[in-house]
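Going line by line, the protein sequences match chains P and L.
Sequential numbering from 1 applies to the first sequence in our numbering.
Sequential numbering from 256 applies to the second sequence in our numbering.
All C-beta atoms, glycine included, are put in the ideal place defined by N, C-alpha and C.
Written below as structure tokens is the structure these notes are about.
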Amino acid sequence: MTNIVVFAKLVPDLVEELEIADNGIALDMEWLRLIINEFDNHAVEQALILKERTGGEVTVIAPQAEGVDEMLYTIAAKGADRVMMLKGDFEAGVNNHALARAFATTVQTYQPDLILTGVQANDDLDGAVGPLIAEYLGMPYIGYISGVSMAGDKLSAQKEYPGGLIAEMEVALPAVLGIQAGEEPPRYVAISKVRQMMKTATIDEYDVAELNTSGGVTANRMYAPEVSERAEMLAGDEDEVATRLVEIFKEAGLV
Amino acid sequence: MSGDIFVVFEHLRGQIADISYIMLAAARDLAQTTGGEVIGVLLGHNAQDIVSHVAADRVLYGDHPALADFNPEGYANTLSGLIQAEGPRAVFFGSTSIGADIAGVLSARLGLPLVGSCIQIGEGNIISKICGGKIMVETVLADDDTTLITMIPGGYKPAQGQSETPPTATPFEVSIDSLRISLKQYIEPEAGDVDISSEKVLIAIGRGIQTADNIELAQELAELLGGAVCASRPVVDQGWLPATRLVGKSGKSVKPKLYLALGISGAPEHVEGMADAEMVVAINMDPNAPIFNVATYGAEIDLFDLIDPLIEKLEAAA
Ligand SMILES: Cc1cc2nc3c(=O)[nH]c(=O)nc-3n(C[C@H](O)[C@H](O)[C@H](O)COP(=O)(O)OP(=O)(O)OC[C@H]3O[C@@H](n4cnc5c(N)ncnc54)[C@H](O)[C@@H]3O)c2cc1C
Ligand SMILES: Nc1ncnc2c1ncn2[C@@H]1O[C@H](COP(=O)(O)O)[C@@H](O)[C@H]1O
């Protein structure tokens with residue numbers, strides 16, 4: 001019986017326009033559309049696969065934020081046994097060090113054998129939470145993981161290196177892994193099932209009394225990339241663009 | 256605390272990784288402000304030949320059989336002692352499968368600030384690129400602590416951190432107790448599929464392709480232009496194409512004559528695998544997509560509107 005805890009996080013949807021707040025050092029949250037960090041989705045999938053294979057319980061924890069209920073109900077509908085929301089002052093300025101400390105404290109009540117995080121989040125500035133939690137809990141950490149199997153109190157993890165090379169690593173449990181990809185693509189769940197969960201499932205809550213923010217970094221300035229060599233943009237509709245592209249390919253000797 | 260800048264070298268199976276040279280270039284920039292030396296840190300076993308071309312003032316070499324291959328725990332334990340003893344002004348790690356495993360652990364263990372995704376040093380500031388390449392952030396070094404920095408490629412060329420004269424390497428003592436993590440084996444990437452790193456034309460598809468069925472459209476273009484289809488991470492993670500077709504940090508680096516990117520945003524992890532293509536054509540509906548910053552030509556249109564007329568005109572031209 002394995003106790004698996006996954007941390008999930010909402011991140012900016014990067015397809016939307018990102019605006020910088022008036023203070024110049026944070027994203028403007030007002031217009032931001034948040035979605036689950038894609039690697040957390042993979043971490044949830046990996047946890048559910050392990051549970052199906054070896055038994056156990058999956059708990060998913062996320063800090064309070066706009067839209068977090070929906071994310072947690074969706075995860076419950078996929079098969080997580082327990083979903084929990086950390087309540088506290090998580091407004092702008094909270095760094096990963098503070099969060100990792102809060103997680104480390106919270107998670108101890110579950111006595112996890114295995115903790116999974118996404119390998120990285122797209123808005124991360126002061127380092128991924130996974131290694132921080134691992135160290136605060138005195139557990140080993142391995143990241144860039146794309147496959148996990150368990151045998152007793154040992155776990156074997158597939159760690160990705162460039163070019164498709166994999167290192168199979170063994171680690172003693174309890175441990176923390178940073179998931180890059182689950183063994184299978186994240187499963188889909190019907191909206192109707194999520195709606196049903198909203199009626200039947202409960203989100204546990206845990207109050208984080210005080211956030212200890214030491215060790216985090218503060219930005220001096222945030223700005224959109226200064227573009228020095230932007231592409232030559234081809235104007236016109238798809239027909240004109242296609243015509244121009246064929247010319248370009250001809251000039252380059254490609255057709 | 257000294258003004259010295261440490262660079263933790265990365266190597267894999269006897270090969271130094273380019274990020275090591277890139278970090279040296281950044282460290283050199285930073286040392287101009289801090290006034291210290293650029294000191295390389297090499298952990299390994301019988302690995303001294305790896306650093307024959309590094310542009311470091313000197314190298315600290317920790318040799319131990321348990322460090323022959325990367326082990327997150329062995330590396331972190333060794334480095335935490337060294338950083339405490341030497342008190343450098345900053346330490347560079349790769350934002351990679353190696354560096355990212357240890358920088359966070361050291362930050363928590365030693366209570367040191369960590370700045371991620373650094374792409375460049377500007378006037379003593381650390382400049383990071385986050386949010387898939389859409390946002391830049393500037394931070395400063397901590398006043399009285401060692402700052403840990405993880406580095407991504409894109410701001411420096413590896414050649415900027417290379418030198419013909421090998422630096423002197425001074426050994427330091429390494430003692431490693433039992434470790435909870437061990438390397439069992441390496442698993443080689445699957446062979447047999449097309450080798451995208453040797454194709455002259457690549458049709459690259461991203462999440463914008465929407466479904467596995469649509470890949471056929473890209474395949475048609477690839478056949479007309481005499482090339483192959485490759486992809487960004489989400490396409491491979493969905494299982495729509497095999498891992499052999501992945502371009503970027505965890506995939507292959509490619510250098511085709513033409514890289515036609517369809518529905519790819521241009522996140523730094525993708526760009527590091529295709530930035531050296533001779534010609535990049537990017538098709539994306541988002542005018543702010545970072546791919547346009549590395550493309551030769553771009554068009555802000557729907558890829559599904561473009562493919563049919565493009566196929567027609569290519570057929571006519573053939
Ligand atoms: C440790 C780590 C390693 C990684 N390694 C890699 C790697 O090796 N390779 C890699 O690629 N990524 C890698 N990533 C992921 C990377 O950060 C990005 O998430 C990924 O590259 C995004 O892929 P994408 O551009 O296809 O998708 P998205 O970022 O979602 O972009 C899709 C784009 O398509 C456009 N679009 C949508 N529909 C259309 C349409 N109809 N017509 C035109 N345009 C359209 C959108 O405007 C958008 O810009 C890694 C991430 C991490 C954390
Ligand atoms: N605010 C957060 N809430 C929940 N999980 C988080 C949070 N920040 C980080 N994590 C976890 O840590 C992983 C790495 O994110 P980051 O540390 O931001 O790079 C995420 O994929 C999550 O699994």
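Let me confirm a value: residue i is counted as buried when at least 16 other C-beta atoms fall within 10 Å, else exposed. Which label applies?
| i | result |
| --- | --- |
| Pro320 (chain L) | exposed |
| Ile274 (chain L) | buried |
| Asn95 (chain P) | buried |
| Gln287 (chain L) | exposed |
| Arg268 (chain L) | exposed |
| His300 (chain L) | exposed |
| Ser520 (chain L) | buried |
| Ala151 (chain P) | exposed |
| Lys250 (chain P) | exposed |
| Tyr223 (chain P) | exposed |
| Gln339 (chain L) | exposed |
| Asn212 (chain P) | exposed |
| Glu66 (chain P) | exposed |
| Val429 (chain L) | buried |
Which same chain residues, not among the five before or five after residue i, have their C-beta less than 6 Å away from its C-beta?
| i | result |
| --- | --- |
| Val360 (chain L) | Ala331 |
| Thr551 (chain L) | Met534 and Val535 |
| Asn548 (chain L) | none |
| Leu513 (chain L) | Val456 and Met534 |
| Met169 (chain P) | Ile142, Ala157 and Lys159 |
| Ser383 (chain L) | Ser372, Cys373 and Val392 |
| Met596 (chain L) | Residue numbering for chain L in the displayed model covers 256 to 573; residue 596 (chain L) lies beyond these limits and cannot be assessed. |
| Gly182 (chain P) | His42, Glu45 and Gln46 |
| Val60 (chain P) | Val6, Ala8, Ile75, Ala80 and Val83 |
| Leu297 (chain L) | Phe264, Val306, Val314 and Tyr316 |
What is the C-beta distance between residue i and residue j, in whole angstroms, given that I count them as a contact (C-beta under 8 Å)?
| i | j | result |
| --- | --- | --- |
| Thr289 (chain L) | Arg364 (chain L) | Rounded, the Cβ-Cβ distance is 23 Å, inconsistent with contact. |
| Val83 (chain P) | Asp204 (chain P) | 7 Å |
| Gln474 (chain L) | Val484 (chain L) | 6 Å |
| Val491 (chain L) | Ile464 (chain L) | No, Val491 (chain L) and Ile464 (chain L) are not in contact; Cβ-Cβ is about 12 Å, not under 8 Å. |
| Ala516 (chain L) | Ile470 (chain L) | About 15 Å; that fails the 8 Å criterion. |
| Val119 (chain P) | Phe39 (chain P) | 5 Å |
| Gly253 (chain P) | Asp126 (chain P) | Going by Cβ atoms, the distance from Gly253 (chain P) to Asp126 (chain P) rounds to 48 Å, so no, they are not a contact pair. |
| Ser508 (chain L) | Ser452 (chain L) | 7 Å |
| Val255 (chain P) | Val246 (chain P) | 7 Å |
| Ala459 (chain L) | Val502 (chain L) | 6 Å |
| Leu137 (chain P) | Thr106 (chain P) | Contact doesn't hold; Cβ gap of about 11 Å is too wide. |
| Pro426 (chain L) | Asp312 (chain L) | Not quite, the Cβ-Cβ distance comes to about 17 Å (not below 8 Å), so this is no contact. |
| Leu479 (chain L) | Glu570 (chain L) | 7 Å |
Please return the same chain residues whose Cβ sits closer than 8 Å to the Cβ of residue i, not counting the five positions on each side in sequence.
| i | result |
| --- | --- |
| Asp123 (chain P) | Val11, Pro12 and Leu27 |
| Trp31 (chain P) | Glu16, Glu17 and Glu19 |
| Gly236 (chain P) | Arg244 |
| Leu14 (chain P) | Asn122 |
| Pro497 (chain L) | Glu445, Asp448 and Val491 |
Could you please give the first and the last residue of the uninterrupted beta strand (DSSP E) stretch that includes residue i?
| i | result |
| --- | --- |
| Gln375 (chain L) | Leu369 to Gly377 |
| Lys154 (chain P) | Lys154 to Glu160 |
| Val456 (chain L) | Val456 to Ile460 |
| Gly576 (chain L) | Limits of chain L in this structure are 256 at one end and 573 at the other, which puts residue 576 (chain L) out of reach. |
| Glu440 (chain L) | As written in the sequence, residue 440 (chain L) is Gln, which differs from the Glu given in the question. Gln440 (chain L) -> beta strand (DSSP E) spans Ile436 to Ile442. |
| Ala498 (chain L) | Looking at the DSSP string, Ala498 (chain L) is not in any beta strand (DSSP E), and its letter there is neither H nor E. |
| Ala345 (chain L) | Ala345 to Gly349 |
| Arg221 (chain P) | Arg221 to Tyr223 |
| Phe7 (chain P) | Asn3 to Phe7 |
In terms of residue numbering, what span does the alpha helix (DSSP H) encompassing residue i cover?
| i | result |
| --- | --- |
| Pro12 (chain P) | From DSSP, Pro12 (chain P) is part of no alpha helix (DSSP H) but of the beta strand (DSSP E) over Leu10 to Pro12. |
| Ile470 (chain L) | Ile470 to Leu480 |
| Ile191 (chain P) | Ile191 to Thr200 |
| Gln46 (chain P) | Glu38 to Thr54 |
| Ile75 (chain P) | Val68 to Lys78 |
| Thr394 (chain L) | Element bounds for Thr394 (chain L): not the alpha helix (DSSP H) but the beta strand (DSSP E), Ile390 to Thr394. |
| Ala151 (chain P) | Note, Ala151 (chain P): premise wrong, no alpha helix (DSSP H); beta strand (DSSP E) at Tyr141 to Ala151. |
| Ser362 (chain L) | Gly354 to Leu365 |
| Val526 (chain L) | Pro523 to Val526 |
| Asn96 (chain P) | Asn96 to Val107 |
Apart from the five residues on each side of it in sequence, which residues of its chain come closer than 7 Å, Cβ to Cβ, to residue i?
| i | result |
| --- | --- |
| Pro112 (chain P) | Asn3, Ile4, Val5 and Pro174 |
| Leu116 (chain P) | Ile4, Val6, Ala43, Gln46, Ala47, Leu177 and Ile179 |
| Ser335 (chain L) | Leu361, Arg364 and Leu365 |
| Leu558 (chain L) | Gly463, Leu517, Gly518 and Ile538 |
| Arg435 (chain L) | Glu328 |
| Ala201 (chain L) | Look at the range of chain L in this structure, 256 to 573, and you will see that residue 201 (chain L) is not part of it. |
| Lys78 (chain P) | Val44, Leu48, Arg187 and Val189 |
Between residue i and chain C, is there a C-beta pair that is closer than 8 Å?
| i | result |
| --- | --- |
| Asn37 (chain P) | Considering every chain present, this structure includes no chain C. Its protein chains are P and L. |
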